[in-house]
Each structure stands twice: as structure tokens, then as C-alpha cells.
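Residue numbers (this note's numbering): 88 to 568. All residues carry an ideal CB built from backbone N, CA and C; glycine is no exception.
Structural data, given as C-alpha cells:
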């Protein structure tokens with residue numbers, strides 16, 4: 088019997104109300120036992136009403152004459168899903184791939200349709216993209232920029248993909264985005280949190296739905312001040328690549344602006360495994376807060392070592408309780424960290440327990456397909472796939488410059504984050520940000536984070552020029568040259 092998801096009650100946090108679930112009973116409960124078992128086992132078309140037909144036909148006829156990379160001429164269109172199937176972010180990659188597969192099914196009119204039915208405004212019809220069946224190929228980024236770029240290049244040249252998505256590393260995202268700009272292939276970024284992705288390294292052919300480090304700092308900073316006070320000394324351990332650097336900078340700026348002092352910042356290699364040599368100096372530094380700018384398996388390992396091996400959460404420094412902060416984490420990481428994540432504050436792009444129609448629809452669809460709720464990585468990849476398809480339908484062509492125009496400045500709802508803007512100036516999505524905390528008393532293994540605060544998007548919006556960069560041209564020679 089397939090699990091079915093539904094709230095059986097409501098719980099208020101501040102001014103917000105969230106759904107409460109159980110694992111049994113009437114209606115549509117979450118069958119977490121079934122989820123656990125299943126995860127172990129499985130670990131152009133007719134015009135819609137309202138379209139301006141003359142404009143559509145003129146634009147479509149013009150764009151079909153354009154020569155561009157991998158213009159599909161048959162009955163199928165190929166998408167490329169480039170995810171970390173190995174390396175420290177492999178758990179995120181596996182969930183991303185599940186989301187991509189579900190998105191393809193829904194675009195092709197299979198299953199319950201998922202968020203194809205909730206996106207507003209929408210040009211999706213559930214018959215593929217522009218009447219062509221959606222197919223896909225996959226690659227392994229290995230959480231390495233060179234490997235990811237090589238995998239993406241193979242997809243473009245050998246598999247003739249029109250769009251590439253995926254990834255859980257900003258280093259990977261920046262590398263693949265640059266390649267896609269050169270090749271003339273759309274890049275709908277997966278999980279990438281560095282400010283650089285839509286800042287100094289932004290590209291016309293790249294779009295990011297996920298939030299960024301600046302937004303995390305703006306959302307999390309005030310909560311840290313409320314919870315821990317303004318007289319604090321912070322010690323940063325930071326993943327040594329573009330994401331870690333910009334998150335460290337963003338959290339430093341936010342906390343120092345509130346009165347905190349930064350005692351030390353230390354860079355750590357990606358995939359280090361054992362972080363004891365980096366954790367040893369922390370308690371003798373005078374710091375009373377450890378900020379872990381780590382993600383995926385690195386966050387799991389460093390947090391568990393800090394809590395269990397070094398017993399940091401039980402320490403006092405200068406009469407203050409020692410605290411640990413993980414500015415970005417997810418339910419998947421919380422599962423890996425276990426009890427160590429209890430009480431830890433951070434931020435998230437989305438959570439499957441949000442009380443809105445789209446979130447409930449996706450959680451139900453994903454849960455029935457795979458036996459577990461979607462992670463934030465899965466959510467953003469699923470959404471990006473649908474947003475690309477919708478832009479193609481809206482443009483009436485696969486010709487990338489027209490698809491880009493359809494995405495730039497696109498305002499939408501029904502994807503689980505509330506009203507969202509794809510800002511034209513930098514291709515960054517703006518939406519509400521979640522401040523989350525590891526639950527002290529979780530009810531099941533899929534409910535390890537609680538939502539502390541939903542920060543409105545206007546409080547995390549910034550001038551698009553502050554991070555520099557240049558989108559570049561929409562017209563490129565690409566692989567069709």
C-alpha cells in the first residue's frame with residue numbers, strides 16, 4: 088500500500104502555523120514505517136486558452152529558423168542531470184536524481200502530475216515539452232569541478248542535451264555554468280549556495296532557484312542575536328572553495344554587524360573525513376561559538392566530532408554556554424548527524440513540512456514514489472526542471488535566447504516557496520528563507536528539523552550589483568557553430 092501524506096493537525100510557531108503529522112490513523116497520514124522500508128529497498132501541442140495566437144505563431148516561426156546547439160528534430164527532447172553520485176555530497180545527489188526522474192514523469196503526463204498542476208502562471212500541458220517526450224541522461228559530478236565539467240561536455244556533445252541541471256557544490260555549478268554559456272546550452276543550477284553563482288560568476292545561460300549565502304546571513308543573524316546575545320566570539324571552520332568562502336563572509340558580516348567578534352577563520356579541505364585536527368584548537372581560542380561552514384558528509388562528520396569527541400555542547404566559555412551553528416543544513420544531513428544536530432540553528436531553502444498546497448502535493452507524490460519525503464536538494468532540482476519546461480512552452484521554442492527571456496523577471500507561485508521572482512539582472516530567485524533548528528524530540532527519522540522563523544523575501548533582497556559579474560550575451564556560437 089502506498090503511503091499518503093496529509094496534516095492531521097496544526098501547530099503554531101509565533102505568527103506562523105505549521106502542519107502536524109502522525110504515522111497512523113485515518114485520512115492521509117504519513118506512513119513513516121513504509122517510507123523506511125521503501126528507502127532501504129530502493130536507497131507542437133494544441134494551444135491553451137488565453138495565448139495570444141498571432142504573437143505565438145510569429146515568434147515560433149522565427150525561432151524555428153535559428154540554428155542552435157542540439158535543436159531537437161525528432162519526437163524526443165533530452166535533458167542532462169549531472170549530480171554527485173560519489174564524493175561527500177553523494178546523499179544529496181541521490182535525492183536530486185530521484186527528483187529529476189519524478190519531474191520527467193510529471194512533464195510527460197505520468198503519475199499524479201505533481202507541481203505541474205500547481206504552478207501559476209503555467210504553460211505546462213503534461214504532454215512533454217512542446218509536444219516532445221522528455222528523456223534524460225545522467226552523469227556523476229564526483230563533487231569535483233573538472234569531473235562535472237567533463238560530464239556536462241559529454242552530455243552536450245554525445246547525448247545532445249538541451250538543458251543541464253543538478254549538482255550540490257557551488258564549485259561544480261560555477262564550472263558547469265561557464266561551460267553551458269560557451270556551448271549555448273541552458274543550465275538550471277541544482278543545489279548551489281555560493282554568492283558567486285549569481286554574482287561574480289553569473290552567466291546568461293545559468294539560472295538559480297536555490298537561495299544563497301548572503302540570504303542565509305541576513306535571515307540567520309537576527310535569530311542568533313535573539314538566541315545567544317550580541318556579545319559573542321565566533322570561530323569558523325570553512326570548506327575551502329567558493330561556497331565556503333562566501334558563506335563565511337556572509338555570516339561574518341551579519342554577526343559582526345550585530346556585535347559579535349570573529350576570533351578565527353580556518354579553511355578545511357573538501358571531503359576531509361576526520362576534522363579533529365581542525366576542532367582541537369577551538370576550545371582554547373577564547374571563542375564561545377563554533378560556526379561550521381560545511382555541507383553534506385563534511386557537515387555530518389565535523390558536527391558529530393565536535394559534539395561527541397570534543398563534547399563542545401556541554402562546555403562553558405567565559406560564563407557562556409558554548410554553541411554550535413551550521414548556517415546551511417537539510418533533513419538529509421540531520422539524518423546523518425543524528426543526535427548531534429539537536430538544537431543546532433541554521434537556514435534552509437525549503438522543508439517538506441511547510442503548510443502550503445504545493446509542498447503537500449510534492450511531498451505526497453515523492454513519498455509515494457520513493458518512500459521518503461524530498462530533501463531541499465530534491466525540491467530545488469524538481470522545480471528547476473519544471474521551470475525550464477514552462478519557459479520553453481511560454482516561449483514556444485527551444486531556442487535558448489527566447490527561453491532566457493521567458494525566465495528573466497518571471498514571477499510565479501505554486502512551487503512550495505510562496506511568491507517567487509526570477510530576477511532578470513542576475514538570474515537569482517527571491518523568495519522567503521527558513522531559519523531552522525534540529526529538533527530536540529523528533530517524532531520520526533524524517534522530521535528532524537523544526538522551522539523557527541520564515542523570513543520574508545524582502546528582508547533578504549539586495550542590490551544585484553553588489554557581487555559584480557556580467558551575465559554575458561544571449562546569442563552565442565555554441566556547439567552549433
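Scanning its chain for C-beta atoms nearer than 7 Å, with the 5 sequence neighbours on each side dropped, one finds around residue 405 the residues 375, in chain order. Counting along the chain, no beta strand (DSSP E) covers residue 463; the unbroken alpha helix (DSSP H) around it starts and ends at 463 to 482. Residue 278 carries a coil assignment under DSSP once its states are collapsed to helix, strand and coil. When the beta-carbon positions are compared, residue 235 and residue 272 stay at least 8 Å from each other.
Apart from the 5 residues on each side of it in sequence, residue 500 sits with its Cβ closer than 6 Å to the Cβ of 207, 506 in its chain, given in chain order. Counting every other CB atom within 10 Å of its CB across the protein chains shown gives residue 244 a total below 16, marking it as exposed. Per DSSP, the continuous beta strand (DSSP E) segment holding residue 320 begins and ends at 320 to 326. With contacts defined by Cβ atoms closer than 8 Å, residue 203 and residue 211 form a contacting pair.
The straight-line gap separating the alpha-carbon atoms of residue 514 and residue 370 is approximately 41 Å. DSSP, read as helix, strand or coil, puts residue 490 in helix. DSSP places residue 340 in the uninterrupted alpha helix (DSSP H) bounded by 329 to 343.
Per DSSP, the beta bridge partners of residue 166 are 223, 250. With respect to the C-alpha of residue 503, the residue from 510, 528, 470, 531 having the closest C-alpha is 470. The beta carbon of residue 467 sits closer than 8 Å to those of 277, 278, 296, 297, 436, 437, all from its chain and outside the five residues before and after it, given in chain order.
Looking only at 185, 309, 489, 516, the smallest Cα-Cα distance to residue 563 is reached by 489.
For the 8 Å CB-CB criterion, residue 445 and residue 453 do not form a contact. Under the Cβ criterion (8 Å, minimum of three pairs), the segment 351 to 371 counts as touching the segment 384 to 399. Take the alpha-carbon of residue 391 and the one of residue 331: they are about 19 Å apart.
In the three-state scheme derived from DSSP, where H, G and I count as helix and E and B as strand, residue 229 is classed as coil. Put simply, the backbone Cα of residue 170 is about 37 Å away from that of residue 345. Straight-line spacing of the CA atoms in residue 161 and residue 154 works out to 15 Å. Inter-segment contact for the segment 510 to 528 and the segment 246 to 255 is absent: fewer than three beta-carbon pairs are separated by less than 8 Å. The Cβ-Cβ distance between residue 566 and residue 156 falls below 8 Å.
By the C-beta density criterion, residue 205 is buried, having at least 16 other C-beta atoms within 10 angstroms.
For the pair residue 383 and residue 478, the Cα-to-Cα distance works out to about 31 Å.
Under the three-state reduction of DSSP, residue 407 is assigned to strand.
Counting other Cβ atoms within 10 Å of its Cβ, residue 233 stays below 16 and is therefore classed as exposed. When secondary structure is reduced to three states using DSSP, residue 431 falls in the coil class, being assigned neither helix nor strand.
Close CB contacts of residue 347 within its chain, under the 6 Å cut and outside five residues either way in sequence, are with 319, 321 (chain order). Each residue's CA atom was taken as its position, placing residue 192 and residue 198 some 7 Å apart. Residue 290 is not a Cβ neighbour of residue 256, given a cutoff of 8 Å. Around the beta-carbon of residue 498, fewer than 16 other beta-carbon atoms lie within 10 Å, marking it exposed.
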